[in-house]
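K.L.:
Protein chains in written order, with the working numbering: chain A, 86 to 699; chain U, 145 to 310. My questions will all concern the structure given below.
In structure tokens form, the structure reads like this:
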């Protein structure tokens, strides 16, 4: 008697997390980042269902996460590391070398790409990064396939002693599908690190041989029949033409051909392993087809390896060289490639961009930004990655680059202005708590040593808010919610050599502004130096935080002149403009009663009283 | 059975919850389903969209002009997402009626019920009553029961009922 299959609706990231459990993974590490975050959170949830001894951690950054997983693999264990695409830039150093040295236990590097991009600072293609590193990469076309590929990736990794990348994209990560689950697996491996300095220490003398060995492995992998692209055969209607697609592009193409009645009329290949591309597949395409349409995200990885004379793709110019290949873009490409009649334009076309995101009502970041902008209207404001990037709507964020860059950029601005003589504008850097731990600490040490007279405001909201509230090292929590040692931010700041350190709740705007001015005076004093203010107030997405804080009744008084300052400059979503009365109004559903808005109104028309008071 | 559905709204309005309920209803009806959701920064009050494809599909994304059903939790999003609708697609909008579509004041009704977040389920109830979805009300109710925080099952079902009866 067979058991009823366990079919569940899983998000792509959850399906990948489930795959790790079913592959007998012993250690999983990650740093949160959209669209990859839910992989590790789902591992934690699945482990609650079927506990194994897997070590699961939110590491401080991706480089560290990578190195932790790598060493577990040296010891013979199966390990996985999870990050978003730009996280691999942070982990590039250990990643690149791990191709040469290889691994022992299977190691799967899950890197989520973000074609579009929807939630990232670029749309770089991890498949091309894999090519650069000479590491195999798998490209799933849906959540269910992604789960299975985790298991295939471990097997491939162990067979060739190489790390293997699994590269889902946003549309896989944040897609849900009914997925059949297998059972959790415990391989019961005992750690056994075999010392081998020629490999694990690998001084330059050993690297040519290791590199040659890597090339040999890749040649073998590109001959693996298991990863030869799958063909859905056509009936020859389109002569010596075929379509090659990978990842979500394949899924979209399949649906489109189906809708257009063309499925089974032209050969359609799905590439599951875009690098190294199957060698006989390359020969087959060159021999059997005159024209090949290549659909891939986001860069030309298959197209470049194919080097086919009749290739039509991103590199050939048939398809735009940037952006997501949405069904609409692919529909257009198919039309051009297959000489189809042009379709009728849909009835409606987008006439606007909808509403832009903004900081939540009651967000402590808004309070901090408002005060910073108010104190230093001509300041320069480098900022960083997180919810607080939205401070740009308030004019309090001038630059956002990559994790932790704001402190170094602030220092760079300082040195650039200072060498001119004359007055240096006040430079106020804003960085979130998680970002500070991730890459801010070395930058702070550097700014101190180089005597950059800047103000660094650490926005401590006690969580990694943007990605869904992962723990931060100063909270003393592990991935599964159990307790661990806390690493307090003030201790770190002092240890970095900072002399001026203050902490303040940004809701207390008067005190916060006083501290900002004191910090500016410190920067401009004879001794000078970096001034740090820790702006401390929990994120209100934490429901308990909202319950715990004092709540005021906010009302718009008759004296409102409808200047819209509270709406446009303070940008709290709890303010709306009443077209009938030409005055501001409070959106009661959204207002958290934080009361920070009171001093914002130039005519004191925002009334604030304690709840219950008349 | 094939149906393509969009759920459009602003971050915080419960677009993801509505998406999961509809998708779960498909799973329990024994149908294949794929969804695509907006996560990340746009969730902070910006325009977000989910797509749901029920039946034999490979991708969750919807070609412009192909959606059979559109649930709009905010009328502002019509300017961004209406192009996905089929010309004869069924449009359900929370707000005031406009050109070519009827509407239901789901937010106002939810506020009266003392729970503004219920606007999503009121709109869903409204769509169910008009026969817009691939499944019936009991299937949706089962999904609501299995996905809701136990504390909110009763109020969520009441929201659906309100929309159904309106």
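We treat Cβ as the ideally placed atom computed from N, Cα and C, and that holds for glycine.
Ignoring anything shorter than 3 residues, give me the beta strand (DSSP E) runs that lie fully in the region 372-416 of chain A, in order along the chain.
P.N.:
Listed in chain order, the complete beta strand (DSSP E) runs (minimum 3 residues) inside the region 372-416 of chain A are 376-380.
K.L.:
Spell out the partners DSSP gives residue 250(A) in its beta bridges.
P.N.:
Its beta-bridge partners are 194(A), 222(A).
K.L.:
Could you tell me the alpha carbon to alpha carbon distance between residue 605(A) and residue 460(A), rounded to whole angstroms?
P.N.:
For residue 605(A) and residue 460(A), the distance between alpha carbons rounds to 10 Å.
K.L.:
Around the Cβ of residue 579(A), are there at least 16 other Cβ atoms within 10 angstroms (buried) or fewer (exposed)?
P.N.:
Residue 579(A) is exposed by the Cβ-count criterion.
K.L.:
Out of curiosity, what's the CA-to-CA distance linking residue 547(A) and residue 291(U)?
P.N.:
Their Cα atoms are separated by approximately 28 Å.
K.L.:
Between which two residues does the alpha helix (DSSP H) carrying residue 305(U) extend?
P.N.:
Per DSSP, residue 305(U) belongs to the alpha helix (DSSP H) from 297-309.
K.L.:
Could you please tell me which residues of the region 229-258 of chain A, in chain order, have their CB closer than 7 Å to any CB of chain U?
P.N.:
If the cut-off is 7 Å between Cβ atoms, the region 229-258 of chain A has 256 near chain U.
K.L.:
Short of 9 Å Cβ to Cβ, which residues in the region 200-225 of chain U face chain A?
P.N.:
For the region 200-225 of chain U, which is checked against every Cβ of chain A, the residues closer than 9 Å are 200, 201, 202, 203, 204, 205, 206, 207, 208, 209, 210, 218, 220, 221, 222, 223, 224, 225.
K.L.:
Going along chain U, which residues have a C-beta under 7 Å from residue 195(A)?
P.N.:
The contacting residues do not exist; residue 195(A) stays about 16 Å from chain U at best.
K.L.:
If we define contact as Cβ-Cβ less than 9 Å, is residue 299(U) a contact residue for chain A?
P.N.:
Not closer than 9 Å to any Cβ of chain A, the Cβ of residue 299(U) fails to qualify, so no.
K.L.:
Check whether the region 237-247 of chain U touches the region 377-394 of chain A, counting contact only when three or more Cβ pairs, one atom from each stretch, lie closer than 8 Å.
P.N.:
The answer is no - the region 377-394 of chain A does not touch the region 237-247 of chain U, with fewer than three Cβ pairs under 8 Å.
K.L.:
In chain A, which residues lie less than 7 Å from residue 260(U) when you measure between Cβ atoms?
P.N.:
Residues of chain A passing the Cβ test: 674.
K.L.:
With a threshold of 16 other CB atoms inside 10 Å of the CB of residue 253(U), please say whether the residue is buried or exposed.
P.N.:
That one is buried.
K.L.:
Tell me which residues of the region 431-447 of chain A have at least one Cβ-Cβ distance to chain U shorter than 8 Å, keeping chain order.
P.N.:
Within the region 431-447 of chain A, the qualifying residues are 431, 432, 433, 434, 435, 436, 437, 438, 439, 440, 441, 442, 443, 444, 445.
K.L.:
Quick check: is the beta carbon of residue 171(U) nearer than 9 Å to any beta carbon in chain A?
P.N.:
Yes - at least one Cβ of chain A is within 9 Å of the one on residue 171(U).
K.L.:
Could you please tell me which residues of the region 275-294 of chain U, in chain order, have their CB closer than 9 Å to any CB of chain A?
P.N.:
If the cut-off is 9 Å between Cβ atoms, the region 275-294 of chain U has nothing near chain A.
K.L.:
Taking just the CA atoms, how far does residue 453(A) sit from residue 277(U)?
P.N.:
Their backbone Cα atoms lie some 46 Å apart in a straight line.
K.L.:
Rounding to the nearest angstrom, what Cα-Cα distance links residue 616(A) and residue 622(A) in this structure?
P.N.:
Roughly 19 Å separates the two Cα atoms.
K.L.:
Any C-beta of chain A within less than 9 Å: which residues of the region 145-169 of chain U qualify?
P.N.:
Hits within the stretch, in order: 152, 154, 155, 156, 163, 164, 167, 168.
K.L.:
With a threshold of 9 Å between beta-carbons, can residue 262(A) be considered close to chain U, or not?
P.N.:
Answer yes: the Cβ-Cβ gap between residue 262(A) and chain U drops below 9 Å somewhere.
K.L.:
For residue 151(U), which option in 194(U), 184(U), 189(U), 166(U) has the closest C-alpha, if you only look at C-alpha atoms?
P.N.:
Checking every option, the nearest Cα to that of residue 151(U) belongs to 194(U).
K.L.:
So, using beta-carbon positions, are residue 361(A) and residue 287(A) closer together than 9 Å?
P.N.:
No; because the gap between Cβ atoms is not below 9 Å, this pair is not in contact.
K.L.:
May I ask you to list, following chain order, the residues of the region 123-136 of chain A that have a beta carbon less than 7 Å from some beta carbon of chain U?
P.N.:
So nothing in the stretch comes that close.
K.L.:
Tell me the residue span of the beta strand (DSSP E) that contains residue 327(A).
P.N.:
326-331 is the span of the beta strand (DSSP E), which, as asked, contains residue 327(A).
K.L.:
Give the C-beta separation of residue 122(A) and residue 553(A) to the nearest angstrom, bearing in mind that I take them to be a contact with Cβ-Cβ under 8 Å.
P.N.:
The pair is a contact, with the Cβ atoms about 6 Å apart (cut-off 8 Å).
K.L.:
How big is the Cα-Cα spacing for residue 284(A) and residue 244(A)?
P.N.:
One C-alpha to the other measures close to 17 Å.
K.L.:
Please go through the region 279-346 of chain A and give each complete beta strand (DSSP E) segment of 3 or more residues, from N-terminal end onward.
P.N.:
Listed in chain order, the complete beta strand (DSSP E) runs (minimum 3 residues) inside the region 279-346 of chain A are 315-317, 326-331.
K.L.:
Beta-carbon of residue 227(U) versus every beta-carbon of chain A: anything under 9 Å?
P.N.:
So yes, residue 227(U) belongs to the interface.
K.L.:
Under 8 Å Cβ-Cβ, which residues of chain A neighbour residue 185(U)?
P.N.:
Those are 119, 204, 442, 472, 474, 475, 551, listed as they occur along chain A.
K.L.:
Look up residue 635(A) in the DSSP assignment and say whether it is helix, strand or coil.
P.N.:
Residue state, collapsed to three classes: coil.
K.L.:
Using a Cβ cut-off of 9 Å (strictly closer), state whether residue 302(U) contacts chain A.
P.N.:
No, because no Cβ of chain A sits closer than 9 Å to the Cβ of residue 302(U).
K.L.:
Does the beta-carbon distance from residue 167(A) to residue 242(A) come in below 9 Å?
P.N.:
Not in contact: residue 167(A) and residue 242(A) (Cβ atoms no closer than 9 Å).
K.L.:
Can you pull the chain A residues whose beta carbon is under 7 Å from the beta carbon of residue 231(U), in chain order?
P.N.:
The answer, in chain order, is 432.
K.L.:
Taking C-alpha atoms, which residue in 192(A), 153(A), 213(A) lies nearest to residue 174(A)?
P.N.:
Nearest option by C-alpha distance: 213(A).
K.L.:
Does any residue of chain A bring its CB to less than 9 Å from the CB of residue 234(U)?
P.N.:
Chain A, which has no Cβ nearer than 9 Å to the Cβ of residue 234(U), makes this no.
K.L.:
Between residue 237(U) and chain A, is the shortest Cβ-Cβ distance under 9 Å, so that the two count as touching?
P.N.:
No, residue 237(U) lies away from the interface with chain A (no Cβ there is under 9 Å from its Cβ).
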